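Plus 8 on top of the position in the sequence shown (first one is 1) and you've got this note's numbering. Backbone N, C-alpha and C define an ideal beta-carbon position, used for all residues, glycine too. From a predicted model like this one, the values you see are computed outputs, not experimental measurements.
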Amino acid sequence: MRPIVIVLIVVALGAAVLTAFLATRFLASVQQQQQPAQATPEAAVGGVEEVLVAARDINPGDVLVDTDFRWEQWPKSVIDQRFVVKSAAGEDSLAGFRDTMARRQIMLGEPLTNAAIVKRGDAGVTSAVLAPGMRTVTIDVSPRTGAAGLILPNDRVDVFMVTNIRDYAGVPEDVGRDLLSQVAVEAIMRDIKVLAINQSLTHPDGTGPGMNSQTVTMEVTSEQAQKILVATQLGQLVLALRSWARNDVAAAEDAKAPIFVTDRNTSKVLDDLMRGGLKDDLFAMPAETDAQQSTDTQQSIGPAISAHTIRINRGGAVTVESLGQ
């Protein structure tokens, strides 16, 4: 190839590369000049305003303070008339929200509205934080029945009832009481929201992780309220604190959990005794050469054997029969 041709090819390639470089620089400069205008909300939507939003996730009943709020820029075109807009005249826009109480759950970044809060001390403040259609029911608790004061407002609990089965079954003292369980625990409802501890809808500052609780108020349906009121007359109510976590594993565990448990389910030894597990040993009398020893042995097991007998009245004729024979 002739040298002049090679020189022309090199010059052409260099001109192409230079042209591409200059074009790229030009397009980049044009894009940089246009980008601020496109990203400025004032040019795109007609300006912005500072809107009062939640600075954290706020639970129902929480008392609101200045650190719970923050100002956030919002386009004017999407600002609702219910939102609180920062005043340019220097007015205290937080005055209407400071030291109020959240009526419902408010999420992080959610604009604050008057419908979401209620003033502390107002009449009906408790009913204001109740979910629609729900009721409140209050029970007395002790450190043992109320999870040692670790249950706080907005926690979730299971409600258990402890009863004496023999007393409610009306089993006589001397007839077959040992055949029936004495203690039973029944789960009467699960996953119930705690609305208040004593008269507090929130956890007071400086009280530590627990609260010295005498009463617990729960948010329930009308039917659940009736069940709890009946249960307070049948036995002792005990609250069990639940985890905040909600997942399929917890739901599966709830589905497998027994509705009730008795003392016989809990103690294998007690269940064996109630089913007569020791009866063979009681009637397997050892060989005795001394008549007095035999008599003493029979007398010593007499009460145990009588515990497995029952008296039957048939038209006035009373007979004593051994159970399990």
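If the criterion is Cβ atoms closer than 8 Å, does the pair residue i and residue j meet it?
i	j	result
residue 112	residue 68	yes
residue 265	residue 195	yes
residue 226	residue 242	no
residue 154	residue 221	yes
residue 190	residue 280	no
residue 193	residue 228	no
residue 73	residue 210	no
residue 233	residue 168	no
residue 218	residue 259	no
From the DSSP output, in three-state form, read off residue i for me.
i	result
residue 175	helix
residue 189	coil
residue 263	helix
residue 231	helix
residue 95	coil
residue 208	strand
residue 161	coil
residue 121	coil
residue 30	helix
residue 87	coil
residue 47	Unreliable placement is indicated for residue 47, whose pLDDT of 46 sits below 50; the coordinate value is still reported in the next sentence. Correct three-state label for residue 47: helix.
residue 143	strand
residue 134	helix
residue 198	strand
residue 107	coil
residue 23	helix
residue 153	coil
residue 305	Only weak support exists for where residue 305 lies, its pLDDT of 45 falling under 50; the value from the coordinates is given anyway. DSSP places residue 305 in helix when its eight states are reduced to three.
residue 35	helix
residue 113	coil
residue 13	helix
residue 166	strand
residue 241	helix
residue 253	coil
residue 72	coil
residue 278	helix
residue 148	strand
residue 63	coil
Hey, residue i and residue j are a contact pair by Cβ (cut 8 Å); roughly how many whole angstroms apart?
i	j	result
residue 126	residue 108	7 Å
residue 205	residue 158	Rounded, the Cβ-Cβ distance is 10 Å, inconsistent with contact.
residue 148	residue 250	The pair is not a contact, with the Cβ atoms about 21 Å apart (cut-off 8 Å).
residue 164	residue 200	7 Å
residue 116	residue 65	5 Å
residue 146	residue 224	7 Å
Determine whether the Cβ of residue i lies closer than 8 Å to any Cβ atom of chain C.
i	result
residue 202	The structure shown contains no chain C; it holds only a single protein chain.
Worksheet item: Is the segment 83 to 92 touching the segment 116 to 127 in the sense that three or more CB pairs, one from each, lie closer than 8 Å?
Response: Touching, yes, given that three or more Cβ pairs across the two stretches are closer than 8 Å.
Item to complete: Check whether the segment 54 to 66 touches the segment 77 to 88, counting contact only when three or more Cβ pairs, one atom from each stretch, lie closer than 8 Å.
Response: For the pair of segments examined, the segment 54 to 66 was found to touch the segment 77 to 88: the number of CB pairs separated by less than 8 Å reaches three.
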